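S.K.: Following this message is one structure expressed as structure tokens.
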Amino acid sequence: MSENGGRRVGIKEVAAAAGVSWKTVSNVVNDTGRVGDATRARVEAVIAELGYRPNLAGRQLRRGRTNTLALAVPWVHAPYFSVLAHEVIDVGSARGYRVLIEETRSSRDTELEVARGFDVQAIDGIIFSPLELTPAEIDGVRGPVPLVLLGERADPDPARERRTDHVSIDNVAAAAQVTAHLLDTGRSRLAFLGAEPPGAGRTGAQRVQGFLDAHTAAGLEVDERWVLQCPQFSRPAGAATVESVLPRIDQIDGIVCANDELALGALHALRLNGVRVPDDIAVTGWDNTEDGRFSNPTLTTVAPDLRAIAETAVDRIIAQLEKPGVDPVDELVPHRLLVRESSRA
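full-length UniProt numbering numbers the first residue of the sequence shown as 1 and each following residue consecutively.
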């Protein structure tokens with residue numbers, strides 16, 4: 001139905017005005033069945049005159065599509081995920097899809113609900129950045145809704161047959177690159193801020209591996225006391241962790257941080273305690289968030305190509321819709337190292 005002079009216009013009114021059956025009107029609207037050119041022109045003229053608009057949602061459901069995607073991320077307020085959401089919405093719109101946002105808040109139960117497809121039929125596909133579930137757990141519970149995983153959660157069993165697409169940057173290589181940058185500037189006593197236990201497969205663990213690899217390539221050993229874990233990837237956690245090691249801070253000359261939020265917290269704590277960046281200690285971040293471009297000093301960071309992540313993820317959903325059962329893929333997207341004031345020699 002549609003509005004016409006304050007009242008709703010239905011398909012039967014269009015049919016009566018055009019002198020055809022409602023089925024003929026439906027065939028014209030949906031471009032189905034056989035309708036003669038003259039009849040089609042008459043029906044289209046009546047549709048325009050009465051201002052009739054088809055029930056798009058109902059038509060999409062009958063066709064098995066809603067042109068709606070869901071993006072599930074841990075925290076909408078986090079700078080990285082807010083920019084990622086913007087890119088996914090923009091790419092989805094360009095491809096004819098509306099994007100709904102779900103905040104999982106790092107809840108295992110919510111992530112399980114996402115992996116199962118929300119148990120609804122109103123979503124064509126889900127783009128999902130999990131924190132708590134492993135790829136194997138997601139594969140074990142996922143429903144029929146097309147699903148693409150984002151981020152750097154490694155599979156503890158690489159030989160396992162995958163069921164789900166995965167889009168990310170090469171975290172190990174990127175971490176090795178930013179660590180090598182600090183070593184190339186003459187720093188040799190580095191800390192890592194934001195580590196996670198080896199084998200965890202999560203972001204911090206992969207980035208620690210790249211940190212270790214760069215030291216091995218340079219013929220240097222890592223002091224394990226300076227591989228620092230944090231309770232969260234946040235500014236308060238970064239500041240608090242740096243505060244806790246201030247009595248021995250003169251043992252290091254650089255800090256590789258697992259994300260920009262930790263790095264900004266570290267910069268704050270160092271500045272408050274009279275430690276100069278980059279003169280005394282260099283600091284690097286990860287994600288290329290806007291605050292890092294305006295911090296003092298400006299923050300060296302690893303910049304994932306968020307546009308490429310969004311485009312690849314949406315296109316993989318479309319590929320699954322167009323060819324159900326298509327083999328899953330692991331897609332690596334580009335990143336850049338942006339060298340700014342916080343790490344210059």
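Even glycine gets a Cβ: it sits at the ideal position worked out from N, Cα and C. Since this is a predicted model, take the numbers as computed values, not measurements.
(1) Indicate whether the contact test is met: 3 or more Cβ pairs, each with one atom in the segment 35 to 42 and one in the segment 67 to 75, closer than 8 Å.
(2) Can you list the alpha helix (DSSP H) stretches of 4 or more residues lying completely in the segment 128 to 189, in chain order?
(3) Pick from 131, 336 and 318: whose alpha carbon is nearest that of residue 302?
(4) Taking residue 128 as the reference, which of 99, 235 and 121 has the closest Cα?
(5) Could you give the C-beta distance for residue 66 and residue 101, rounded to a whole number, given that I count them as a contact under 8 Å?
(6) Measuring straight from C-alpha to C-alpha, what distance separates residue 361 and residue 314?
(7) Quick one: using the 10 Å Cβ neighbour count with 16 as the cut-off for buried, is residue 181 buried or exposed?
(8) Just how far apart, CA to CA, sit residue 47 and residue 114?
(9) Would you mind reading off the limits of the beta strand (DSSP E) that contains residue 101?
(10) Is the segment 338 to 345 close to the segment 290 to 301, with three or more CB pairs under 8 Å?
(11) According to DSSP, simplified to helix, strand and coil, what is residue 207?
(12) State the start and end residues of the unbroken alpha helix (DSSP H) segment that holds residue 316.
(13) When we look at the beta-carbon of residue 277 and count the other beta-carbons within 10 Å, is it buried (16 or more) or exposed?
(14) Indicate the three-state DSSP secondary structure (helix, strand or coil) for residue 286 in the structure shown.
M.R.: The relevant details are as follows:
(1) no
(2) 135 to 141 and 171 to 184
(3) 336
(4) 99
(5) Not really, about 16 Å apart at Cβ, beyond 8 Å.
(6) The chain is shown only over 1 to 345; residue 361 falls outside these bounds and no answer can be derived.
(7) buried
(8) 40 Å
(9) 98 to 103
(10) yes
(11) helix
(12) 306 to 322
(13) buried
(14) strand
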